[in-house]
Amino acid sequence: MTTGRSPVPDALSGRRGTALAVVAVTSFGFLARLYDLGSRVAHQDEARVAYWTLRYLETGLHEYRPIVHGPFLPLVNSKVFALLGPNDFTMRLVVAAIGACLPLSAWLFRDRLRDSEVVALAVVLACNPILLYYSRFYRTDVLLAAFTFFALGLFVRWYDTRKDRYLFAATASYALSFTTKENALVYALCFLGAAALLLDHRLFLARVRGQNPYAELRRYASGALTFDPVRSLSRDARASLLTDLPDAVRARKRAILLSVAVVLEFFAIVVFFYAPRKGGYPGYGDTEGMGLYWSLEELAAGRPGMFVAVVEEALVGSWTKFVHQWGSGHGHEFLYYWNDYVDTMETGAVALVALAVVGFVADRYSSEGPRDLVALGGYIGAVSVFGYPIITDIPSPWATVHAVVPLALPAAVGLAMIGRWGVDAYEDGDVVGVSAAVILVLLLVAQVGGAAMDTSYRDPAGTDNELVQYAQSSSDMKPTLETVYAVARENEGVDVMYYGDEFASPNESNADQPPAHPGGWFERLPLAWYFEAEQHRLQGSDAELVVNSTTDASEFDDDPPPVVISERSDAAAYESKLDGYRAHQHERYLHDSAFVVFVDEDYLDD
């Protein structure tokens, strides 16, 4: 692989200055992601996963369910909820923190990019509106992209330095990507496809130069295997292993040792996250009686049977569930999904795409020749723009994250090129060149900054926001929720009564574990998350938030509960019975999903 280091003076030359710039950009990204993080009403996907995460904290029961994707967020966020309490801010904190760290990955490519390109990459990853918005969203897409991108950087760093710590760190990051979302398999295919294109390009150039392409192929293969796997061992261990061994045998043993260690590390992380806890969900899967920590206790006592079963469930069982849920594909119209994808990119990544095209072309036809890293990002990003509309099950703007992150590599080249152009023009006294560079930068800042402000801060749940998915409530129901919380602290008995077939459940305990059937639990989202979180916060006090449901309006004839919730269309059946109640209307989705919350004004007056 070529490094593409340039002898041309760089405006941000000097590793210390580059590192400080990357840290400064990352710090800005942290502030941007944490500011007002908990203000937006939870999207229904956020509410659903957060609810089950909180239930895991309360019961200790958990197992992999493909419909909510990987187990990383539930397992990690349960610790956050235990430490900081459950609310919208803490719900999104892990995603925001990891998304904010993504610009630090630019430093890993410092031997493959110019100093200015390293800083530009950090800027793109910190400021892109799509990455900003979905770093403030309780989904795993940013986590998957971040872990995979860090893994790429660490693998590249290991290849350049042959220091084993980078390989182990890369393996850990890549394994974590598999614990976030099943799309990690798509990334693996994209990397293989892009690598094949890069290899084909190299072999073609070898043929053009009159060299043997097969010899070139053997050179790359041997280069990939020239590592020392035992440097991390103790001196005595190295001596006992390597004494009097021929070099060829020693090299093979080193390769085997490192390969085994890496494979064990990868699967240890995967098993830890995918292993069931406390027997999983009764009646859902085949994990009854299994638990990761139970199995470790059994293993320590010399009884490995449960541990073997847990490992099998974490690997084979999880794969079987994944194939059953997602293996059949999705029969939808490509153009409709692709248009939705492009609309999202137009809103949140038009500047990035333009810079990526400029950077990709400029690098490809530069005097130094195309760099593998830049081409890799361009190939994966381009494939993602056309591939994700095929594989997604619903129109999902968050899928654009997986095109934005790889495209950040050629985009950084394009952005840094504009910066160097301006600096060179300034040093040459070229007023026109300086003016043009400044205008371009100002246009980029205005477009990116304006889009980020509109989508993440001014209107993060609006109907005109292309980054918002349909299951996002478009109304601010948090003042109403605070009123309901106040009622629960004062009232005794049932606090909230859902009315109507849409919300009714034959037994409220059905929602104690997934899949929460039968009943209308899913239709209650995002309210179910908020009420469960409040009930958790009330633990240890004399108050509790009690929820029930009915389809019989006559229950409101005498002494109705202080809070009644139904679809707007069902309110006519009981509204006249709620004398002295105030109605609050909200949307469960972006539009056409009105529901109404009636609150007894006696509690409001208090």
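Yeah, the sequence shown ends on 1168 if you go by the numbering used here, and it's all consecutive.
A virtual CB, placed ideally from N, CA and C, is assigned to each residue, including glycine.
- Query: Between the C-alpha atoms of T723 and D673, what's the straight-line distance to the nearest angstrom?
  - Reply: 10 Å
- Query: Could you check where the beta strand (DSSP E) with R1144 kicks off and where it finishes?
  - Reply: Y1143 to E1149
- How would you write the range of the beta strand (DSSP E) that T1112 sits in, first residue to last? V1109 to T1112
- Could you check how far apart the C-beta atoms of E744 and W888 are, in whole angstroms? I think they sit under 8 Å. 6 Å
- Task: Indicate whether T1169 and H1148 have their beta-carbon atoms separated by less than 8 Å.
- Result: What the structure shows of the chain is the stretch from 563 to 1168, and residue 1169 is not part of that stretch, so it cannot be assessed.
- Query: By Cβ distance below 7 Å, which residues in the same chain neighbour L917 in space, the five residues on each side in sequence not counted?
  - Reply: A973, G976 and L977
- Looking at F828 and A737, is the spacing between their C-beta atoms short of 8 Å? yes
- Under three-state DSSP, which class holds S958? coil
- In the DSSP assignment, find the unbroken alpha helix (DSSP H) run with M907 in it and report its ends. F896 to G910
- Message: Check for me: the beta strand (DSSP E) holding V1158 runs from which residue to which?
- Response: A1156 to D1162
- Specify the secondary structure class of V1125 as computed by DSSP and reduced to three states. strand
- Message: By alpha-carbon positions, which one of V638, Y696, V770 and Y843 ends up nearest to S964?
- Response: In the sequence under discussion, the amino acid at residue 964 is His, which differs from the Ser named in the question. Taking only the C-alpha atoms, the option nearest H964 is Y696.
- Task: Find out if the Cβ-Cβ distance for the pair W900, P951 is shorter than 8 Å.
- Result: yes
- Task: Report the rounded CA-to-CA distance for E608 versus G981, giving the unit in angstroms.
- Result: 39 Å
- By Cβ distance, which residues of its chain are closer than 7 Å to Y1092, with the 5 residues on each side in sequence left out? L1043
- Task: Rank E1129, G632 and R698 by C-alpha distance to the C-alpha of T1017 and give the top, closest one.
- Result: R698
- CA-CA distance, H624 and K840? 7 Å
- Query: Ordered along the chain, which non-local residues of its own chain (more than five positions away) have a Cβ less than 6 Å from that of V936?
  - Reply: D925, L971, P972 and V975
- Query: For the putative contact between P648 and A1073, defined by C-beta atoms under 8 Å, what is the C-beta separation to the nearest angstrom?
  - Reply: P648 to A1073, Cβ: 16 Å. No contact.
- Query: If you run the structure through DSSP and keep just helix, strand and coil, what is S1035?
  - Reply: coil
- Item | Nearest candidate by alpha-carbon position, reference V638, set L1087, L616 and I692 | L616
- Item | Reduced DSSP secondary structure (H/G/I, E/B, other) of H1079 | coil
- Message: Just verifying my parser: in three-state terms, what is the DSSP assignment at R654?
- Response: helix
- Query: Nearest CA to the CA of W669: which residue from V657, A684 and A658?
  - Reply: A684
- Query: Three-state secondary structure (DSSP) at M852?
  - Reply: coil
- Message: Check for me: the alpha helix (DSSP H) holding Y728 runs from which residue to which?
- Response: D726 to F740
- Over the uninterrupted beta strand (DSSP E) stretch that includes M1059, give me the two end residues. V1058 to Y1061
- Backbone secondary structure at R674 - three-state DSSP: coil
- Task: Quick one: using the 10 Å Cβ neighbour count with 16 as the cut-off for buried, is S890 buried or exposed?
- Result: exposed
- Item | Buried or exposed by the 16-neighbour rule on C-beta atoms within 10 Å, applied to T621 | exposed
- Task: Output the distance between the C-alpha atoms of G864 and G879, rounded to the nearest integer angstrom.
- Result: 24 Å
- Item | Own chain residues within Cβ distance below 7 Å of E778, not counting five before or after | R764, L765 and A768
- Tell me whether H624 sits in a helix, a strand or coil according to DSSP, three-state version. strand
- Given S1128, which residues of its chain have a CB within under 6 Å of its CB, disregarding the five upstream and five downstream residues? Y1061 and G1062
- Task: Starting from R577, trace the alpha helix (DSSP H) both ways and give me its first and last residue.
- Result: R577 to L596
- Task: Over the uninterrupted alpha helix (DSSP H) stretch that includes W669, give me the two end residues.
- Result: Counting along the chain, W669 falls outside any alpha helix (DSSP H), and DSSP gives it neither H nor E.
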